[in-house]
Amino acid sequence: MAKYDEQFKLDAVRRYLSEQHSYAEVAREVGVDYALLRRWVAVYQLHGRAGLVRPRKRYSAQFKFEVLKRIEQDGLSDRQAVAVYNLGDSGTIGKWRRGYDEGGMGALAPRRRDSPAMPHKYPPEPTAKDMTEKQLREENAYLRAE
1 MAKYDEQFKL DAVRRYLSEQ HSYAEVAREV GVDYALLRRW VAVYQLHGRA
51 GLVRPRKRYS AQFKFEVLKR IEQDGLSDRQ AVAVYNLGDS GTIGKWRRGY
101 DEGGMGALAP RRRDSPAMPH KYPPEPTAKD MTEKQLREEN AYLRAE
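Under the UniProt record's numbering, the first residue of the sequence shown carries the number 1, and numbering increases by one thereafter.
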């Protein structure tokens with residue numbers, strides 16, 4: 001669940017746009033960081049009300065590459081690119097850039113997140129190396145009895 005719902009964001013953006021107050025003043029009034037309010041206003045101005053709703057989305061490697069390429073070509077800041085493409089936050093672009101720098105296009109491909117393997121219910125049988133001399137004698141006696 002989002003920390004701030006769409007209506008709260010919309011009210012804050014409209015308050016900033018309709019009044020002659022700074023980002024810091026409006027942010028203080030509504031109780032958010034001014035940088036967050038700036039992001040909401042920028043996204044609202046580019047995408048309207050739909051920009052304030054963040055659908056969880058996975059992006060293709062090609063899309064990520066296009067965003068990085070446009071940032072480089074047009075000299076966009078990460079914050080500007082976030083507003084233009086309606087992404088979550090500028091940290092997302094930083095992750096993409098680091099991944100691309102370290103691993104190329106392959107690092108931009110979405111990865112499936114597997115859940116960790118379940119632990120075994122029963123511990124494995126001890127091997128002869130793990131057994132003490134007494135345990136080995138007991139096992140030998142048991143096997144002879146069969």
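Note that the Cβ used here is the ideal one computed from N, Cα and C, for glycine as well.
If you're wondering where the values come from, they're calculated on a predicted model, not measured in any experiment.
Beta-carbon proximity of residue i to residue j, cut-off 9 Å
{"i": "R39", "j": "V84", "result": "no"}
{"i": "L46", "j": "A12", "result": "no"}
{"i": "F63", "j": "Y100", "result": "no"}
{"i": "W96", "j": "L68", "result": "yes"}
{"i": "D114", "j": "I93", "result": "no"}
{"i": "G31", "j": "N86", "result": "no"}
{"i": "A42", "j": "Q80", "result": "yes"}
Contacting residues, own chain, Cβ-Cβ under 6 Å from residue i (five flanking each side not counted)
{"i": "M1", "result": "Because the pLDDT of M1 is 41, which lies under 50, any placement of that residue in the model is unreliable, and the number read from its coordinates should be weighed accordingly. If we look at M1 and ignore the five residues flanking it on each side, it has no Cβ neighbours."}
{"i": "R111", "result": "none"}
{"i": "Q7", "result": "none"}
{"i": "R14", "result": "none"}
{"i": "A109", "result": "A61"}
{"i": "K3", "result": "none"}
{"i": "I29", "result": "Position check: residue 29 holds Glu in this sequence, whereas Ile was assumed. Once the five neighbours on either side are set aside, E29 has no close Cβ partner at all."}
Range of the contiguous alpha helix (DSSP H) that encloses residue i
{"i": "N140", "result": "E133 to A145"}
{"i": "A109", "result": "Segment: none, A109 is in no alpha helix (DSSP H) and carries neither H nor E."}
{"i": "T92", "result": "S90 to G103"}
{"i": "A42", "result": "Y34 to H47"}
{"i": "K69", "result": "A61 to D74"}
Among the options, nearest to residue i - alpha-carbon criterion
{"i": "L17", "options": "Y44, A35 and D5", "result": "Y44"}
{"i": "G88", "options": "Y59, L10, D101 and E72", "result": "Y59"}
{"i": "H21", "options": "Y34, A141 and L10", "result": "Y34"}
Same chain only: Cβ atoms within 7 Å of residue i, ignoring 5 sequence neighbours per side
{"i": "Q135", "result": "none"}
{"i": "E138", "result": "none"}
{"i": "L10", "result": "R49 and L52"}
Cβ neighbours of residue i in the same chain (closer than 8 Å, five flanking residues each side left out)
{"i": "A57", "result": "Note that residue 57 is Lys in the sequence shown, not Ala. Nothing listed; no residue qualifies."}
{"i": "M131", "result": "E139"}
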